[in-house]
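Engineer: Below you'll find the structure I mean.
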Amino acid sequence: MTIYSHSRLSTFEQCPLKFKYNYIDQIKTEIEQTIEAFMGEMVHKSLEKIYVDLKFRKLNSLQELMDYFNDLWKKNYNESILIVRKEYSAENYRQMGEKFISDYYEKHTPFNQSITLDTEKRIVINLDKEGKYVLQGYIDRLACKGTVYEIHDYKTSSSLPLQEYADADRQLALYSIAVKQGYPDAADIKLIWHYLAFNKEIISKRSEEELENLKKETIELIKQIEACKEFEPKTSALCDWCEFRGICPKWKHLAVTENLPVNEYLNEDGVKLANKYVEFNKKKTDIEDEMSKIREALFDYCKKNHIEVVFGSDNKLVCKTYENFKFPGKNELLRKHLEEALKKLGRYDEVAELDVFKLSRILKSREWPENIREILMNFARDEKVQRIYIGKKY
Ligand code: SF4
264 MTIYSHSRLS TFEQCPLKFK YNYIDQIKTE IEQTIEAFMG EMVHKSLEKI
314 YVDLKFRKLN SLQELMDYFN DLWKKNYNES ILIVRKEYSA ENYRQMGEKF
364 ISDYYEKHTP FNQSITLDTE KRIVINLDKE GKYVLQGYID RLACKGTVYE
414 IHDYKTSSSL PLQEYADADR QLALYSIAVK QGYPDAADIK LIWHYLAFNK
464 EIISKRSEEE LENLKKETIE LIKQIEACKE FEPKTSALCD WCEFRGICPK
514 WKHLAVTENL PVNEYLNEDG VKLANKYVEF NKKKTDIEDE MSKIREALFD
564 YCKKNHIEVV FGSDNKLVCK TYENFKFPGK NELLRKHLEE ALKKLGRYDE
614 VAELDVFKLS RILKSREWPE NIREILMNFA RDEKVQRIYI GKKY
């Protein structure tokens, strides 16, 4: 049985291929960590120290904490840490870390807002009664005030999310299930995110019903992961921070060519082919534009001269104009009403057509149960489709 974690689930949602590289193939890359993750880890460790030492009645001064943070940074920083935002240096990130810690320190000292029960607390969440679906996680800090339990999470991201994002967050909500299971006296559980870059907290709660739904949704997601056969790459802005960029089919070519000297770059086979394709495609578009203008002129000519056939040197062009009905397309609002009207009139089946593209997509993504898929696959034949889409590089 696989024990899942929030980050495992999020990785699959972000990109199934990244999930495969990371958790199935367990590929190790040269990139150990991004600078954001490294800075976050150093800050987390420093904030953890505050509460661990307090258990032993030791209140660190801000200076002691800063020294601890900087010492950790020095001992652990290495050149394999990836800095995506080239305009910033590791030093900028170190200073950010210092600021996060000092702001947090000033705001919370002497740290007696609640009683800390544990830091980096490992929790295990049973999503079903049979114990078939299990998740584990680590709570940055678990605290309580009487029977009100608090799950604290430190965030070093540079954007402050909206309250609705926190209200829909999965990670801490899942952790609250474990806290509820482990501490029966918990009358209330607060989910608290400390957005350190803004020196702000965002607080949320979940009802019993919301947690039950969350369990079901999470089980569904696990089932989807376990049924997944084709781990397709899913590109997003997060690809810049992905440690598998160098081997990912979506980015590998850029990764191997971007640092080549100009001459070598322009002579690289892939670059040459791509440039040629775009050049010819541009010519094709220009020709199509020209064709559309000639077409328009031809119909104008026919109209003016009351003719339907225009003769050239070797060919004749039959230019037909006729009336037709145009009904709302698939994505137009009226389409639904049209379909309903046809169904009511008992005429829908006479004009409805099977959408084989949609069918192919559903069967590929295995959305339908396997027994249905097996029957329908008897009608499918393998076909190799090759398409080229032109997009902007950046
Ligand atoms: S680079 Fe992007 S598409 Fe490729 S594996 Fe990573 S997240 Fe997925």
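In case it helps, the numbering used here puts the sequence shown at residues 264 to 657. Note that the Cβ used here is the ideal one computed from N, Cα and C, for glycine as well. This one's a predicted model, so the numbers in the text were calculated from it and none came from an experiment.
So who's on the other strand from residue 382, going by DSSP bridges?
Structural biologist: Paired residue(s): 404.
Engineer: Between residue 504 and residue 302, what straight-line distance do the alpha-carbon atoms span, to the nearest angstrom?
Structural biologist: Going by the C-alpha atoms only, they are around 14 Å apart.
Engineer: Run the Cβ filter for me: residues under 7 Å from any heavy atom of ligand 1, listed in the order they occur in the chain.
Structural biologist: My final list is 277, 278, 280, 281, 284, 496, 497, 498, 499, 501, 502, 505, 507, 508, 511, 513, 514.
Engineer: For the alpha helix (DSSP H) holding residue 317, just list the boundary residues, first then last.
Structural biologist: Where residue 317 is concerned, the enclosing alpha helix (DSSP H) stretches over 298 to 318.
Engineer: Just checking my contact of residue 359 with residue 335 at CB under 8 Å: how many whole Å lie between their CB atoms?
Structural biologist: 15 Å between Cβ atoms; not a contact.
Engineer: CB residue 367 to CB residue 385, shorter than 8 Å?
Structural biologist: Contact flag unset, no.
Engineer: Going by the beta-carbon positions, is the gap between residue 467 and residue 432 smaller than 8 Å?
Structural biologist: Yes, the pair counts as a contact, with Cβ atoms nearer than the cut-off.
Engineer: Tell me which residue opens and which closes the beta strand (DSSP E) that residue 581 is part of.
Structural biologist: Start and end: 579 to 581.
Engineer: I'd like to know whether the C-beta atoms of residue 328 and residue 309 end up nearer to each other than 8 Å.
Structural biologist: Cβ distance < 8 Å, so residue 328 and residue 309 count as in contact.
Engineer: Please classify residue 457: does DSSP put it in a helix, a strand, or coil?
Structural biologist: In the structure shown, residue 457 sits in a strand (DSSP, three-state: E or B).
Engineer: Which same chain residues end up closer than 7 Å to residue 435 when comparing Cβ atoms and leaving out the 5 residues on each side of it in sequence?
Structural biologist: 414, 416, 454.
Engineer: Are the beta-carbon atoms belonging to residue 582 and residue 561 less than 8 Å from one another?
Structural biologist: Closer than 8 Å, so yes.
Engineer: Terminal residues of the continuous beta strand (DSSP E) containing residue 370?
Structural biologist: Looking at the DSSP string, residue 370 is not in any beta strand (DSSP E); the run it does join, the alpha helix (DSSP H), is 353 to 371.
Engineer: Hey, how far is the Cα of residue 541 from the Cα of residue 405?
Structural biologist: Their backbone Cα atoms lie some 56 Å apart in a straight line.
Engineer: Taking all protein chains shown into account, decide if residue 506 is buried (16 or more other Cβ within 10 angstroms of its Cβ) or exposed.
Structural biologist: Answer is buried; the Cβ neighbour count reaches 16.
Engineer: Along the beta strand (DSSP E) that carries residue 557, what are the first and last residues, could you check?
Structural biologist: Run containing residue 557: none in the beta strand (DSSP E); it sits in the alpha helix (DSSP H), 532 to 568.
Engineer: Could you check what DSSP says for residue 628 in three-state terms: helix, strand or coil?
Structural biologist: The answer is helix: DSSP assigns residue 628 an H, G or I state.
Engineer: Exposed or buried, residue 600, counting other C-beta atoms within 10 Å across all chains shown (16 or more means buried)?
Structural biologist: Its Cβ having fewer than 16 others within 10 Å, residue 600 is exposed.
Engineer: Can you give, in chain order, each stretch of the alpha helix (DSSP H) that sits fully within the stretch 418 to 491 and has at least 4 residues?
Structural biologist: Entirely contained in the stretch 418 to 491, the alpha helix (DSSP H) runs reaching 4 residues are, in chain order, 426 to 431, 434 to 445, 471 to 490.
Engineer: What do you reckon, are the CB atoms on residue 482 and residue 390 nearer than 8 Å?
Structural biologist: Yes, the pair counts as a contact, with Cβ atoms nearer than the cut-off.
Engineer: Just list the residues that DSSP pairs residue 388 with in beta bridges.
Structural biologist: 398, per the DSSP bridge assignment.
Engineer: Counting contacts by CB-CB distance shorter than 8 Å, is residue 423 in contact with chain D?
Structural biologist: Protein chain content of the structure displayed is limited to a single chain, and chain D is not contained in it.
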